[in-house]
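Chains as they are written, first to last, in my numbering: chain A, 7 to 331; chain B, 424 to 523.
Even glycine gets a Cβ: it sits at the ideal position worked out from N, Cα and C.
Notes to accompany the following structure.
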Amino acid sequence: MNAGMILDVLLAGFIAWLAFKSLTVPDFFRAIIFFIAFGLGMALAWARLVAPDVAIAEAAIGAGLLGVLLIKSSHALPEKASPKVSLSRRWLIGFILFGALGGGIHFSSLVLNAPAAEGLGALATKHLESSGVEHPVTAVLLNYRAYDTWLEIAVLMLALWVILAIRGPSAPAESTPVTKPGIQFRTALSRGLVPIIILVSGYLLWAGKFAPGGAFQAGVVLAAGMILASLGGILPPTRWDGRLGLILGLAGFMAFLLVAIFTSLTRFTMLNYPPTQAGSWILFLEVVGTLSIAFLLFAFYLYVVAPPSSGQTRTDDSATQSSPP
Amino acid sequence: MILDTLTLVLGVAGVFFYTAGTFGLLRFPDLFSRLHALTKADNLGLGLIAAALACQADSLAVAAKLGLIWVLALVAGTTNCYLIGSYARRKNRSNQEEAP
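So this is what it looks like as structure tokens:
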């Protein structure tokens, strides 16, 4: 029983407690805060499992972006959920049973001396030279299983279409008016942080070749930068649901589609890059994918909640209400 | 050897400050004093822990990156503290104006 195992047990218990609280707390805003903390706890868990790519993605998407989306949509929900005490007791029993089941499976596998699963890690690293990148996770995401990444971008696109369909005819472009001192501070912060965020996103995109990183992580960081810029009021008031949005939103999917068509015709296997040029093809797909993912996630934030009533531009009150208290 | 003891000392000091900040978060009566405890104590704790990890870094670049992380966390924490505090102050003021 070394320090690492104690840390893991404490972390697992902490994550379970955060999840339980976020499900049973009657106040929606507190539940969202617990959920954000849960996301960060999950990122720590992934880091403990030596999966830094997933940890970065979990911290950025699960904690960061989802938190922002939930907070933004929380003011469209009723003030407090009805406090159901019996519901929290049911959740507690569920957590204990599930924890017992999981712990039982884990310890029984130890007792039965089950052989450690081989996994596909050896196979992934064996073909790394011909995959075009030097990091096995990026090779899996963009070469061996590029089809899955393509479909993930398609899922993001579908989600945005559903959001826009539910929202209805578009209202004027949303931008926070810069009038009150608090909002000016936000502007100063955006001006300082957004360039750094763009740099970090570009670095993550480039580092995907040899280190944890890649298109999704870079795209999410860039989306966070765009959200920060929009909150600080420094984004130009373009209409993101016009032609620019259409191009950016479709670009990732179309890039994969073009590559798939080209490789199907010339190499008779879809998404089978020529081994010598695989690196540049992957870089092209990653760059377009990053821009597309960043725009799609930013558009989630912009359009997830309809404005108070169509025809009314956002007043100062709604601006302060939608910023987190 | 000396780097290891430095890591230990700085790490323990950082954890102490974090614990103090958490106690302040849990026990202080007012939103503003809780914000004060969170930002001051936690930022200092993070700085000490980053310094402790920088002693174990392989190169100066890694230590500089840890320092950059600390600066970014400072910026984020300060901004959040200011925004929360100014919103709470505005809400207090509007509540007082509505009361009579």
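Query: When Ala-49(A), Gly-100(A), Phe-301(A) and Leu-195(A) are compared against Gly-500(B), the one with the closest alpha-carbon; Result: Leu-195(A)
Query: Contacting residues, own chain, Cβ-Cβ under 7 angstroms from Leu-76(A) (five flanking each side not counted); Result: Ile-38 and Phe-41
Query: Proximal residues to Gly-127(A) (C-beta, below 8 angstroms), its chain only, five neighbours per side dropped; Result: Pro-142
Query: Closer than 8 angstroms to chain B by CB, Phe-20(A); Result: no
Query: Against chain B: residues of the segment 194-212 of chain A by CB proximity under 8 angstroms; Result: Leu-195, Gly-198, Leu-199 and Ile-202
Query: Counted within 10 angstroms of its Cβ, other Cβ atoms place Val-227(A) as buried (16 or more) or exposed; Result: buried
Query: Cβ-based neighbour list, Phe-259(A), same chain, cut-off 8 angstroms, excluding 5 preceding and 5 following; Result: Trp-156, Ile-159, Ala-160, Met-163 and Ser-298
Query: Burial state of Trp-167(A) (16 or more Cβ within 10 Å); Result: exposed
Query: Reduced DSSP category for Ser-517(B) - H, G, I as helix; E, B as strand; rest coil; Result: helix
Query: Pairwise C-alpha distance: Ile-204(A) and Trp-23(A); Result: 35 angstroms
Query: CB contact check: Phe-216(A) to chain B, cutoff 8 angstroms; Result: no
Query: Identity of the residue in Lys-78(A), Arg-151(A), Ala-266(A) and Leu-46(A) nearest Phe-34(A) by Cα; Result: Lys-78(A)
Query: Collapsed DSSP secondary structure at Leu-433(B) in the structure displayed; Result: helix
Query: Minimum Cβ-Cβ distance from Phe-268(A) to chain B less than 8 angstroms; Result: no
Query: Interface flag, Thr-321(A) vs chain B, CB-CB below 8 angstroms; Result: Note that Thr-321(A) has pLDDT 40, beneath the 50 cutoff, so the model's placement of it is unreliable and no number is given.
Query: As assigned by DSSP and simplified to three states, the class of Pro-58(A); Result: helix
Query: Member of Ala-221(A), Thr-193(A), Phe-262(A) and Leu-263(A) whose CA lies at the smallest distance from the CA of Gly-238(A); Result: Thr-193(A)
Query: Beta-carbon neighbours of Phe-191(A), restricted to chain B and to distances below 9 angstroms; Result: Thr-502, Tyr-505, Leu-506 and Ser-509
Query: Chain A contact for Val-498(B) (CB, 8 angstroms cutoff); Result: yes
Query: Euclidean distance between Cα positions of Ala-65(A) and Met-48(A); Result: 8 angstroms
Query: Reference Lys-132(A), options Leu-118(A), Tyr-150(A), Val-15(A) and Ile-12(A), closest by Cα; Result: Tyr-150(A)
Query: Coil, strand or helix - Trp-246(A) by DSSP; Result: coil
Query: Exposure label - Phe-262(A); buried when at least 16 CB within 10 Å; Result: buried
Query: Sub-8 angstroms separation of Lys-215(A) and Glu-135(A) beta-carbons; Result: no
Query: DSSP three-state assignment for His-6(A), whether helix, strand or coil; Result: The question about residue 6(A) has no answer here: the residues shown for chain A are numbered 7 through 331.
Query: Status (buried if at least 16 other CB within 10 Å, exposed otherwise) for Gln-519(B); Result: exposed
Query: Separation of Pro-32(A) from Ile-104(A), as counted between CA atoms; Result: Residue identity differs from the one stated: residue 104(A) is Phe in this sequence, not Ile. The straight-line gap from Cα to Cα measures roughly 23 angstroms.
Query: For Pro-142(A), the three-state DSSP class (helix, strand or coil); Result: helix
Query: Between the CA atoms of Val-200(A) and Leu-234(A) - distance to the nearest angstrom; Result: 7 angstroms
Query: Whole-Å CB distance - Gly-447(B) paired with Ala-436(B), under 8 angstroms assumed; Result: Wrong, their Cβ atoms sit about 17 angstroms apart, outside the cutoff.
Query: Same chain, Cβ closer than 6 angstroms to Thr-445(B), five either side skipped, listed in chain order; Result: none
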